[in-house]
Structure formats: structure tokens, C-alpha cells
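Peer 1:
Residue numbers (the working numbering), protein chains in the order written: chain A, 1 to 112; chain B, 1001 to 1112.
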């Protein structure tokens, strides 16, 4: 079945460092892809999405490009801030019933 | 005001008990969901409700029953709790099915 694999955390970076969180997927067809973020004490919220191959989703300085050839949707940010500390979830819209399928989440901690 | 709120935040109970988790959204969304985050951190869909009609029910034991008194509320009732029910349960809502979900902050259920 459809699935999402993302890198294990936690990821600890210093402020202004470059961030990459890897995400690969397995799916039939061409699913829409998402990144959700969960800040401490809050619920998940949509960060960005891409609906077709080569689309780039972007928001709040974060970017991810839908790569069909590598079945990947890696999250990147050029310069992280302490306020980016959160858990990041990669997800795809797919499966036999059209559900959102999430990865395990990657915890990011940014130190000043 | 919190967009999606669920209560309680923590719930500790004995095996065999019946418990409910409440969820309310003030966003005017048409669809609400319940997700379970298991011990391996995967978020899995349990139920979706669209205008009080159940539209998805994954392979969830019938001890779990969603109850929606109105469009803004989707409560989760669990009968005869088992040890394996221990998890974090997330409520969510969206205007359109599986498009830009807003999540609550989760309810951590511990069954002893």
C-alpha cells in the first residue's frame, strides 16, 4: 500500500543553519504531497503542498519539490530560526480510500 | 480562540472502562476527522465526518464510535478500553475533504 518514509529525528541545528528533512514515498499514481508542522503544545497545521511532478511548494521560507523520478519531497530551509523548532510530518493523499497518509514525523530543535 | 480544541488533554483510565474524548472546531468547516498516533508515531485515520455523515471508517474496532451532535463537534467514544488503545488521538477539521486539515493538540490516552 501507499506509504511515506521520512528521516529519523531528532535533528538539532544551530540558528541560521541549512535544513533538509528527507521524505520519500511509495504510491500508485501521482498523489498530492504535503508537509505538516506541529509546534510545541499545538496541533498539526499545513506548511506546504505540491500536487504534481516538479511542483514546488513553499511557505515561511520552507520549500519542497515534488520529484517523481526519485519519489521524494524533501523539505528545505536556507536559514532556520529557533521558532522553527517543531515536529515536521510528510504526508501524501492516496491509498484505496483517498486518505492522508503520514510519515512518523521528524523533530527539529534549533539552538540559538 | 483555538480553532480545533479537544478535551481532555490527558486521560488515564483502567482497562475495561468506557471513555469519551470531545472535539470542537470553530472554523465552520464541513469535515471533521479522528486520527490515532500509534507507538511507532504513525498517524492513521480512524473516522471522517462530513455534515454529520460518516464518509470513512477504516479498520477500527467497533468499540470506537464517533458521535457528531452538530457540524462543529465530533466526539470519540470508546467502550471496553484495552491496553492497546493507549495512544495519542488527534481531532482535525477541514473545509474540503482532505484539503488543508487543522488539527487539535491531541489527547494522550493511557490505559492501565
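For every residue, glycine included, the Cβ atom is placed at its ideal position computed from N, Cα and C.
In angstroms with no decimal places, state the Cα-to-Cα distance between residue 32 of chain A and residue 1064 of chain B.
Peer 2: 29 Å
Peer 1: How big is the Cα-Cα spacing for residue 103 of chain A and residue 1017 of chain B?
Peer 2: Spanning the alpha carbons of residue 103 of chain A and residue 1017 of chain B requires a straight line of approximately 31 Å.
Peer 1: Return the CA-CA distance between residue 30 of chain A and residue 87 of chain A, expressed in angstroms with no decimal places.
Peer 2: The alpha-carbon atoms of residue 30 of chain A and residue 87 of chain A are separated by roughly 26 Å.
Peer 1: By alpha-carbon positions, which one of A:99, A:18, A:10 ends up nearest to residue 78 of chain A?
Peer 2: A:18
Peer 1: Can you have a look at residue 59 of chain A and say buried or exposed, based on whether 16 or more other CB atoms are within 10 angstroms of its CB?
Peer 2: exposed
Peer 1: Quick one: is residue 22 of chain A near chain B, going by C-beta distance under 7 Å?
Peer 2: Residue 22 of chain A does not count as touching chain B.
Peer 1: Could you give the DSSP three-state label for residue 1094 of chain B: helix, strand or coil?
Peer 2: strand
Peer 1: Determine the chain A residues that contact residue 1105 of chain B at a beta-carbon separation under 7 Å, and present them in chain order.
Peer 2: Chain order gives the chain A residues near residue 1105 of chain B as 41, 42, 43, where near means a beta carbon separation below 7 Å.
Peer 1: So the candidates are B:1038, B:1015, B:1045; which of them puts its Cα closest to the Cα of residue 1091 of chain B?
Peer 2: Between residue 1091 of chain B and the set B:1038, B:1015, B:1045, the nearest pair of CA atoms involves B:1045.
Peer 1: Along the beta strand (DSSP E) that carries residue 91 of chain A, what are the first and last residues, could you check?
Peer 2: 86–94
Peer 1: Quick one: does residue 105 of chain A have its CB under 7 Å from some CB of chain B?
Peer 2: yes
Peer 1: So, is the C-beta of residue 1045 of chain B closer than 7 Å to a C-beta in chain A?
Peer 2: It does: the Cβ of residue 1045 of chain B has a partner Cβ on chain A nearer than 7 Å.
Peer 1: Measure the beta-carbon distance from residue 954 of chain B to residue 1110 of chain B and round it to whole angstroms, keeping in mind my assumption that it falls under 8 Å.
Peer 2: What is shown of chain B runs 1001 to 1112, which leaves residue 954 of chain B out entirely.
Peer 1: Could you tell me the distance, in whole angstroms, from the CA atom of residue 40 of chain A to the CA atom of residue 1107 of chain B?
Peer 2: CA-CA distance, residue 40 of chain A to residue 1107 of chain B, rounds to 14 Å.
Peer 1: Got a sec, what are the start and stop residues for the beta strand (DSSP E) residue 64 of chain A sits in?
Peer 2: That run of the beta strand (DSSP E) goes 62–65.
Peer 1: Buried or exposed for residue 110 of chain A, going by 16 or more other Cβ atoms inside 10 Å?
Peer 2: The residue in question, residue 110 of chain A, is buried, as its Cβ has 16 or more Cβ neighbours within 10 Å.
Peer 1: Could you tell me which chain A residues have their CB closer than 9 Å to the CB of residue 1004 of chain B, listed as they occur along the chain?
Peer 2: 43
Peer 1: Quick check: residue 43 of chain A and residue 1103 of chain B, are their CB atoms within less than 7 Å of each other?
Peer 2: Against a cut-off of 7 Å, the Cβ pair of residue 1103 of chain B and residue 43 of chain A comes out as a contact.
Peer 1: Beta strand (DSSP E) containing residue 48 of chain A: first to last residue?
Peer 2: 44–50
Peer 1: Residues of chain B with CB under 8 Å from residue 89 of chain A, in chain order?
Peer 2: 1043
Peer 1: List, in chain order, every chain A residue whose beta-carbon is nearer than 7 Å to that of residue 1040 of chain B.
Peer 2: 104
Peer 1: Per DSSP, what are the beta-bridge partners of residue 1073 of chain B in this structure?
Peer 2: B:1024, B:1070
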